[in-house]
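Numbering (mature numbering (1 follows the signal peptide of the UniProt record, and there is no 0)) for the sequence shown: -24 to -1, 1 to 386.
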Amino acid sequence: MTREAIGTWLIVLVLYEVAFGVSGWCPSLCECGTWYNLQHASCTGRHLYSIHTGAPSIVQALDLSNNSISILNNYELAEAGLTRLKYLNLSVNAISEIGLNAFNGLSELTVLDLSQNHLYYLLPDIFMPVKKLRILRLSKNNFNSHVPRLECPWLTDLTLDSCQISHIPTDMFIGLSHLRTLDLSNNLMIQLDTVTLETLQFLRRLSIEGNPWSCDKLTYDLQIYLIRKNIQYHAVCAKNVEPKKFEKMIIYNPRIKYEKNRPLINLNPNIKKNVTKKHSISIPVHKDTIACVTTTDETNLRKTLNSISPYWFLIVGFLLGIASGMLICYVWITRKICRCSRQTDNDAQRVSLLQNLWQFEDPLNDTAISCPDTPPPPYREVMLRPGRYRNISITTNLNNNIATNSTEYT
């Protein structure tokens, strides 16, 4: 066999190894092939619990989506021989923890998909070893309490949609200075300050639809800022339209109309004024203006009532209670004093009346004889029948004295 034949056989063997090497080393759980001129291995839906699938080191695109991977340890990808990866898909897994050095050694990685996992926190320097990373997808994770503040200046495309983000700090994108596409759609944000986006000098597309925007001044300022910076976005709030019927009633200020129609007064007496007759123009008063005035009065009254502190009502009620108590005490004391004075007057009258009744004798009852040990009549009987009861004891004593005197003389 000549040297030329040996050379040709060697070339054929090398080409055979290159052509069929990947398919020969492809693991049983994966499907291997070529994808966008990259050696691709697809291991989706295999209920895998780790990245160790037995894929060869020549694989450049690895798809591990729709599995049960829950953690990425430090240096795990590099130890598995996947240092030539340019595309890595780990979406629809149960990843909740990623080590700080999990992506060390993947110097060629360009696209990383971590969407639809259980991530709630990411370390800021986790992607610093991946110098060629350009596209990062983190959609459908839960970053509500810990919004990731990544340090990856070479990143150009970041996806954070459906992550339950309610607030974005102003220093969130400081480490993403070369970001060109940012997706924040379908979150829980109501406001986004323009200061947050000022660090993104190369931003060209922003997705903010699907959030419950409050459509206040900050939101309008954000849209104006995006238009001025030529950043593509979908409008989330309509432009400033004319106020509605009831808004006109509140905004209306009759003083402005009066100042517009008020005549000018010249305070300089040296300048002669040309007096001209002007036709009086009757301005019709609409019902809307009357309603506006009434609504403004009502709003002013409500403002004054709201400005009054509730403690004043408590103080006024306390003072009114004290005043009413003092008035009740005064009325009760005066009635008590009047009753006492009346009772003393009645007692004096009763005593004087009894004395008058017992001082005078009744000539008709001179012959009446008093019985010994007879109890005195009750006061009620004496008062009701003053003529019946007299000072019987005095008459009897007088009769007895007269009888004794007559016996003595005899």
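For each residue, glycine too, the CB sits at the ideal point set by N, CA and C.
Counting only the same chain and skipping the five closest in sequence on each side, list residues whose C-beta sits under 6 Å from that of residue i.
{"i": "ASN162", "result": "ASP137, SER138 and GLY186"}
{"i": "SER33", "result": "GLY57"}
{"i": "residue 408", "result": "Given a span of -24 to 386 for the chain in the structure shown, any question on residue 408 remains unanswerable."}
{"i": "LEU201", "result": "Sequence inspection shows Tyr at residue 201; the Leu mentioned does not correspond to that position. Only THR170 meet the Cβ criterion."}
{"i": "CYS316", "result": "none"}
{"i": "THR310", "result": "none"}
{"i": "THR59", "result": "GLY81"}
Would you say residue i and residue j are within 8 Å of each other, going by their C-beta atoms?
{"i": "LEU126", "j": "LEU88", "result": "no"}
{"i": "ASN69", "j": "ASN93", "result": "yes"}
{"i": "LEU53", "j": "LEU82", "result": "yes"}
{"i": "SER44", "j": "SER67", "result": "no"}
{"i": "LEU99", "j": "LEU85", "result": "no"}
{"i": "residue 459", "j": "SER72", "result": "Because the chain here runs from -24 to 386, residue 459 falls outside it and cannot be looked at."}
{"i": "ILE203", "j": "PRO188", "result": "no"}
{"i": "ASP169", "j": "LEU194", "result": "yes"}
{"i": "VAL123", "j": "PRO145", "result": "yes"}
{"i": "LEU149", "j": "LEU176", "result": "For clarity, residue 149 is Phe in the given sequence; the question names Leu instead. Cβ atoms of PHE149 and LEU176: closer than 8 Å."}
Roughly how many angstroms separate the alpha carbons of residue i and residue j, rounded to a whole number?
{"i": "PRO129", "j": "THR20", "result": "31 Å"}
{"i": "THR132", "j": "ASP192", "result": "30 Å"}
{"i": "LEU61", "j": "TYR196", "result": "43 Å"}
{"i": "THR135", "j": "SER142", "result": "16 Å"}
{"i": "CYS2", "j": "GLY57", "result": "14 Å"}
{"i": "GLY30", "j": "ASN80", "result": "19 Å"}
{"i": "SER46", "j": "SER26", "result": "8 Å"}
{"i": "ARG361", "j": "PRO351", "result": "17 Å"}
{"i": "VAL212", "j": "LEU160", "result": "13 Å"}
{"i": "VAL307", "j": "PRO354", "result": "36 Å"}
{"i": "CYS314", "j": "MET302", "result": "18 Å"}
{"i": "HIS28", "j": "ALA214", "result": "52 Å"}
{"i": "CYS8", "j": "ASP147", "result": "43 Å"}
{"i": "THR275", "j": "ILE74", "result": "57 Å"}
{"i": "ILE298", "j": "LEU290", "result": "12 Å"}
{"i": "HIS210", "j": "GLU55", "result": "44 Å"}
{"i": "SER(-2)", "j": "ILE184", "result": "Residue confidence for SER(-2) is low, a pLDDT of 45 falling below 50, so the modelled location carries little weight; the figure read from the coordinates is stated next. Distance between the alpha carbons of SER(-2) and ILE184: 44 Å."}
{"i": "SER300", "j": "THR280", "result": "28 Å"}
{"i": "LYS312", "j": "LEU295", "result": "26 Å"}
{"i": "CYS305", "j": "TRP288", "result": "26 Å"}
{"i": "PRO286", "j": "SER190", "result": "32 Å"}
{"i": "ARG278", "j": "ASP101", "result": "55 Å"}
{"i": "ASN282", "j": "LEU173", "result": "40 Å"}
Going along the chain, which residues of its own chain have a beta-carbon closer than 8 Å to the beta-carbon of residue i, five neighbours each way excluded?
{"i": "HIS154", "result": "PRO129, TRP130, LEU131, THR132 and PHE178"}
{"i": "ARG180", "result": "ARG156, THR157, ASN206, ILE207 and GLN208"}
{"i": "THR10", "result": "HIS16"}
{"i": "MET104", "result": "GLU127 and CYS128"}
{"i": "SER91", "result": "SER67, VAL68, ARG113, LEU114, SER115, LYS116, ASN117 and THR135"}
{"i": "ARG356", "result": "none"}
Which whole-angstrom value describes the C-beta separation of residue i and residue j, a residue pair presumed to lie in contact below a C-beta threshold of 8 Å?
{"i": "LEU164", "j": "GLN199", "result": "Incorrect: roughly 19 Å between the Cβ atoms, too far for contact."}
{"i": "ASN50", "j": "ALA78", "result": "6 Å"}
Excluding the 5 residues preceding and the 5 following residue i in the sequence, name in chain order all residues of the same chain whose CB lies nearer than 7 Å to its CB.
{"i": "SER4", "result": "none"}
{"i": "LYS107", "result": "SER83 and TRP130"}
{"i": "ASN120", "result": "GLN140, ILE141 and SER142"}
{"i": "CYS6", "result": "ALA17, SER18, CYS19, THR29 and ALA31"}
{"i": "LYS292", "result": "Here residue 292 turns out to be Val, not Lys, going by the sequence shown. Within the same chain, VAL292 has no close Cβ partners at all."}
{"i": "HIS23", "result": "ASN43 and SER44"}
{"i": "TYR97", "result": "HIS122"}
{"i": "LEU48", "result": "ILE71, ILE74, GLY75 and ALA78"}
Measuring from the CB of residue i, is there a heavy atom of the ligand GDP at a distance below 7 Å?
{"i": "ARG156", "result": "For the ligand GDP, the structure offers nothing, since it holds no ligand at all."}
(message) Does the contact criterion of 3 or more C-beta pairs under 8 Å hold for the stretch 34 to 53 versus the stretch 4 to 24?
(response) yes
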